[in-house]
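All remarks here apply to the structure that follows.
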Amino acid sequence: MLLVALVGSALGYNALRRILYEQLDRSLYRLAEIEAAGTADSRDSSVHFHEELFGAESRREVLPTRYAEVWSVDGEPVLRTANLGGQDLPLPADILGRIAESNVPEFVRFEWQGQSYRGLVYPLGLLGAQHKVHLMQIAAPTEPVDTVLSRFLRMLVLTVFSGTLLAWILGWWLAGYAVRPVMQIIGQAESLDMTGAEHRLTAAADTDEMRRLVTVLNSMLGRIDAAFDNQRRFLADAGHEIKTPLTILRGDVEVALRRDRSPEEYQAVLGQTLEDLKGVSSLAEDLITLARSDSGGLEPRPTELPVQRLLTRVADRYAGVARQAGIDLVVQGGDGLVVLGDSGLLERALNNLVDNAIKYSRGGGRVTVSANAADGCVRIAVADEGPGISGEERPRLFERFYRGETGRRAARGSGLGLAIVSAIVDVHGGSIEFDSELGRGTTVCLVLPEARERPADGGLEEPAT
Ligand code: ATP
Ligand code: MG
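For what it's worth, the numbering used here labels the leading residue of the sequence shown as 6, then goes sequentially.
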């Protein structure tokens, strides 16, 4: 703003200066014309000025001060106005000769008696009895013009700087006023204690934008709170889930050690301990998988997997368990289908689904693992003829540690199976479809992206055990 004001002031000052000097020059020229006409008109040789047109310095508020002097071309003073008091006006060297030759009037500037003057040297032609070339010099002090200009300059400087100062103060205040809610929000955000229960900003936002900012930040804080709550719950549940089997294990070992036992008894206790330890280590593995999925560390290494092999492998793994449970485990379809995914993770997801299907079928019936292609996707379904899942339970099935009615009745399990399936399907960019009817059975279907090209040779690695 200061810069704009300075440039504007400079332009304005220059314009005024030009106008005032033009006016002064015009008045000098006019006066020269009048006096030249007067001297030309005089019938006799007595040349004189119209003295009433030339104000004196002492009366300059009535009439502007002007001086005039007539010179012969040789530089001889011929006539002066009375206000010169017999003194000569100073003349720049060789100007008389030059103007006498060119016959063109010329403006000059000169210093005289400590003052600045603007003058006009005007050719008069032949004059007087001698019939010599004469020149008239008209002069005016520039002081009145300079006074106006310096006053104008003072006023400009004062206006520009006081205006800038005022604008600066106002701008400062306005900016402070505008960012006050932001500062308040920053202050509150900085002092938020994330260990407490609920976190909200209460900054008094008085504009729509600020209100929106507070709302957005609060909804973000809400999501962070929910995520924190989930983590806390997860940690507490995980601790609890691990503690229960460890307590049982410890109890079994303590009881076994209370007295001497036969080798068969020790063998039985160790066998049971091994089974329990397998359960604990598989639980730990599930927890690690979920923790990795939370921190974005569940990164699939996608390859093109023949679906048929995937299904056969899962069926082979559960053939023994299914037989023991009296369940008919069947594989259908999948021929020629190829899915894009991480073999280890997808096998793990399918294992969990087949495990559920067998576990909850409670003996008898059939579990079908099938696959087909639709709309660029491969759908792998695990269907059972078990008890089915009620409508109220369905929304919670994928929650961690959630065990439904059927789950709680079955002894084995910790409620992490479907949560892991969901995390695995998520990182593959797929989805899960659920279909269940109480008393008729359940079908869980994984929808995965189909690979465009079929691999020459299978892509299954040995699954981790
Ligand atoms: P885990 O899988 O960790 O051993 P879980 O099987 O109980 O334990 P999930 O696999 O996540 O845990 O399943 C959650 C709940 O969903 C189960 O407790 C059970 O109530 C219900 N459920 C899952 N699959 C079926 C199914 N095929 N038939 C009936 N209920 C099922
Ligand atoms: Mg399960």
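No residue lacks a Cβ here, since even glycine has one placed at the ideal position from N, Cα and C. Bear in mind the structure is a predicted one, so any value in this text is a computation, not a measurement.
Under DSSP, the beta strand (DSSP E) around Ser77 begins and ends at which residues? 72-77
Output the distance between the C-alpha atoms of Ala208 and Asn235, rounded to the nearest integer angstrom. 27 Å
How big is the Cα-Cα spacing for Leu402 and Arg185? 48 Å
What residue range does the beta strand (DSSP E) around Ser375 cover? 371-379
Less than 8 Å between the beta carbons of Val219 and Ile247, yes or no? no
DSSP beta-bridge partners for Pro311? According to DSSP, which records beta bridges pairwise, Pro311 is partnered with Val343.
Whose beta carbon lies closer than 6 Å to any heavy atom of the ligand MG, going through the chain in order? Asn357, Asp360, Asn361, Gly418, Gly422
Could you give the first and the last residue of the continuous alpha helix (DSSP H) run that contains Ala386? Here Ala386 belongs to no alpha helix (DSSP H); instead the beta strand (DSSP E) covers 382-388.
Determine the extent of the alpha helix (DSSP H) in which Asp198 is found, giving its start and end residues. Per DSSP, Asp198 belongs to no alpha helix (DSSP H) and is neither H nor E.
With the cut-off set at 8 Å, would you say Val75 and Met141 are in Cβ contact? yes
Below 8 Å, can you find three or more Cβ-Cβ pairs linking the region 393-410 to the region 340-358? no
Report all residues from its chain with a CB closer than 7 Å to the CB of Ala469; omit the five preceding and five following residues, and keep chain order. Reliability of the predicted coordinates at Ala469 is poor, the pLDDT of 45 falling under 50, and the value obtained from them is presented with this limitation in mind. Cβ within range, chain order: Gly349.
As assigned by DSSP and simplified to three states, the class of Pro69: coil
Does any heavy atom of the ligand ATP sit closer than 7 Å to the C-beta of Glu270? no
Contact belief for Gly124 with Ile104 at Cβ below 8 Å, rounded distance in angstroms: Rounded, the Cβ-Cβ distance is 12 Å, inconsistent with contact.
Can you tell me the Cα-Cα spacing of Thr169 and Leu8, whole angstroms? Each residue's Cα considered, the two are about 10 Å apart.
Say yes only if the C-beta of Asp389 is nearer than 7 Å to one or more non-hydrogen atoms of the ligand ATP, and no if none qualify. yes
Distance between Ala37 and Gly13 (C-alpha atoms, nearest Å): Those two C-alpha atoms are separated by around 36 Å.
Within a Cβ cutoff of 8 Å, which residues of the same chain sit near Gly80, ignoring the five residues on either side of it in sequence? Leu96, Leu101
Test item: CB-CB of Thr373 and Val335 under 8 Å: Their beta carbons are under 8 Å apart, which means Thr373 touches Val335 by this criterion.
Assigned exposure category for Gly409 - 16 Cβ within 10 Å defines buried: buried
Examine the ligand ATP and report whether any of its heavy atoms sits within less than 7 Å of the Cβ of Thr411. yes
Let me make sure I understand the geometry here. Which of Pro146, Leu33, Asp347 has the alpha-carbon closest to that of Ala428? Asp347
State yes or no: is the C-beta of Arg408 nearer than 7 Å to some heavy atom of the ligand ATP? yes
How long is the line joining the alpha carbons of Glu27 and Trp173, rounded to whole angstroms? 38 Å
From this set, Arg384, Leu292, Asp211, Ser287, which residue's C-alpha is nearest Val312's C-alpha? Arg384
Under the criterion of a Cβ to heavy atom distance below 7 Å, does Val354 qualify as lining the ligand ATP? Note on identity: in this sequence residue 354 is Ala, with Val being the wrong assignment. Result no, Cβ not under 7 Å from the ligand ATP.
Helix, strand or coil, according to DSSP, for Thr1 in the structure here? A query on residue 1 cannot be resolved here, the shown segment of the chain reaching from 6 to 470 and no further.
Opening and closing residue of the beta strand (DSSP E) in which Glu442 lies: For Glu442, the enclosing beta strand (DSSP E) begins and ends at 436-442.
Given the structure, does Gly256 come close to the ligand ATP, in the sense that its CB is under 7 Å from one of the ligand's heavy atoms? No; taking the cut-off as 7 Å, the Cβ of Gly256 has no heavy atom of the ligand ATP nearer than that.
Between the CA atoms of Phe112 and Thr147 - distance to the nearest angstrom: 13 Å
Does any heavy atom of the ligand ATP sit closer than 7 Å to the C-beta of Ile394? Yes; taking the cut-off as 7 Å, the Cβ of Ile394 has a heavy atom of the ligand ATP nearer than that.
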